[in-house]
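Engineer: Please find one structure pasted underneath; my questions will follow.
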Amino acid sequence: EKAPGRKGDIGDGVDLDQILPVNVGRLKMYEVGKQIGSGKFSVVFRARTRGVDGKQENVHVALKKINIFDMMDAKSRNKCLREVRMLQSISQHDNLIAYLDAFIEDNELMIVFEWAENGDLRRLLRKTTAPFEERQG
Numbered sequence: 009e010k011a012p013g014r015k016g017d018i019g020d021g022v023d024l025d026q027i028l029p030v031n032v033g034r035l036k037m038y039e040v041g042k043q044i045g046s047g048k049f050s051v052v053f054r055a056r057t058r059g060v061d062g063k064q065e066n067v068h069v070a071l072k073k074i075n076i077f078d079m080m081d082a083k084s085r086n087k088c089l090r091e092v093r094m095l096q097s098i099s100q101h102d103n104l105i106a107y108l109d110a111f112i113e114d115n116e117l118m119i120v121f122e123w124a125e126n127g128d129l130r131r132l133l134r135k136t137t138a139p140f141e142e143r144q145g
């Protein structure tokens, strides 16, 4: 049986390396900084690009690390991978934070998003008292 997080089957006949790059050193393209959030299966870090493999240097991003092998069953793992495919398909919408990259390294799914300078929507709504202008935020 193939080890999780390596090239191979992820539990339901899906070949993971056909969906995302697996253990190819993509994490080296990012300098991971401080933790800015967490959830049941994930932790989000502020990061920045290193200018490797065609990436522009010093661009701030949010890097979400999701532990999809040690803590999730195959059904949850596949749901997570479907979410990545959905993000890839809608990533250029003007009103959404842009999806930039996704890969698996060290048994974790990494999803990279554009950096939201004003934080998340919940925080922005909490600290705002006046109505929003259409392009604010």
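All letters in the sequence shown, in the order written, are residues 9 to 145 by the working numbering. Backbone N, C-alpha and C define an ideal beta-carbon position, used for all residues, glycine too.
(1) Just the Cα atoms here: how many angstroms apart are aspartate 102 and tryptophan 123?
(2) On the premise that glutamate 116 lies in contact with asparagine 75, defined as a C-beta separation below 8 Å, what is that separation, rounded to the nearest angstrom?
(3) Count the other C-beta atoms from every protein chain shown that fall within 10 angstroms of the C-beta of valine 32, then say buried if there are 16 or more, exposed otherwise.
(4) Spell out the partners DSSP gives glutamate 2 in its beta bridges.
(5) Taking the alpha-carbon positions, what's the leucine 108 to arginine 134 distance?
(6) Answer yes or no: do lysine 72 and valine 52 have a C-beta to C-beta separation smaller than 8 Å?
(7) When you compare each of Leu104, Lys87, Ala138, Leu35 to glycine 59 by their alpha carbons, which one comes out closest?
Structural biologist: In short, the structure shows the following:
(1) 14 Å
(2) Confirmed, about 6 Å.
(3) Counting C-beta atoms within 10 angstroms of its own C-beta, valine 32 has fewer than 16 neighbours from the protein chains shown and is therefore classed as exposed.
(4) The question about residue 2 has no answer, for the chain in this structure spans 9 to 145.
(5) Roughly 27 Å separates the two Cα atoms.
(6) Contact: yes.
(7) Leu35
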